[in-house]
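Enquirer: My questions will all concern the structure given below.
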Amino acid sequence: MLKNFFAKRIKIKDIPLAATDNIDLSNVPKHVAIIMDGNGRWAKQQGKIRTFGHSAGAQTLRSIVKIADVVGVKILSVYAFSTENWKRPVTEVNFIMELLSDYLTAELDELNEYNVKMRFMGDKDALPPAIQKKMEHAIKITADNTGLILNVAINYGGQDEILRAVRKIASKVQQGEIKPEAIDKKLFEDNLYSRQLPPPDLLIRTGGDLRVSNFMLWQIAYAEIWTCQTYWPAFTQENFLEAIASYQQRDRRYGGLNKK
């Protein structure tokens, strides 16, 4: 059934059909978040400089966006640049900024063609003006698309996001716009960068580290976590499908008891 689905859904020739046998299309996570880790270490393995890994990682993202769309994922949130990444060497930071800018130019037409809707989360004001303009342009061009939502975290940190939400709410209380007792989960989430998006069902981390690295701390409270040793530039569509298959074997209890 899945092979027929692929044939009808999209014109991608490199879909790994042999790896899809265990995928249940009726139980695909709606929202997948990815910590794309290991670009620099992968480049070192290849005897290359770290920036080579970032370029390769951008190509991996292109591939994973396609497979996510094919299997029916509705939202893909990816960690592109954290608030802590500014601590890296200036040359590397500048390269990443240029790469982000190039990605938003080179990939926009194809993303739009595949009905992908782009959104961003993070402190945009600290980014170079040229990137801010390209982000705004991407949002505008894809605003009416109804397919996969590609949510890119740029200059993003989970702790910073929570603090910003608290400050916004505190300011509204101070100004008398809301009462403290009116603060609930929905109000808090409405003040996060991810407002209007459901929380991730599945968090994927590449590169072998077992930590969440300040990514969507509030939102991943009950996300299923899948990790692999594979560095992000070497992460394949087959790997993504392995993560989906693993998710489908989980018993999601949300703090309750097994229903069986």
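Residues 10 to 269 in the working numbering are what the sequence shown spells out, letter by letter. Idealized CB from N, CA, C, for every residue including glycine.
#1: Measuring only the C-alpha atoms, how far is A353 from R220?
#2: For A162, which residues does DSSP report across the bridge?
#3: Closest to A240 by C-alpha separation, out of G49, S35, V41, would be which residue?
#4: Quick one: give me the first and last residue of the beta strand (DSSP E) that V41 is part of.
#5: Tell me, which residues are paired with E233 by DSSP?
#6: Since Y202 contacts M130 with CB under 8 Å, what's their CB separation in whole angstroms?
#7: Using three-state DSSP, classify P137 as helix, strand or coil.
#8: So, at 7 Å on beta carbons, what are the nonlocal neighbours of I187 in its own chain, with the 5 sequence-adjacent residues on each side left out?
#9: Relative to the C-alpha of V87, which candidate in N31, Q184, E251, A42 has its C-alpha closest?
#10: Which residue from I213, G167, N267 puts its Cα closest to that of Y256?
#11: Looking only at C-alpha atoms, which of P209, V37, R59 sits nearest to I76?
#12: What separation, rounded to the nearest whole angstrom, lies between the Cα atoms of Y165 and P242?
Expert: This is what the structure holds:
#1: Residue 353 lies beyond the range of the chain shown here (10 to 269); nothing can be said about it.
#2: Y88, M130
#3: Per the sequence shown, the amino acid found at residue 240 is Tyr instead of Ala. Comparing Cα positions, the closest option is G49.
#4: 40 to 44
#5: L211
#6: 3 Å
#7: coil
#8: K181
#9: A42
#10: I213
#11: V37
#12: 21 Å
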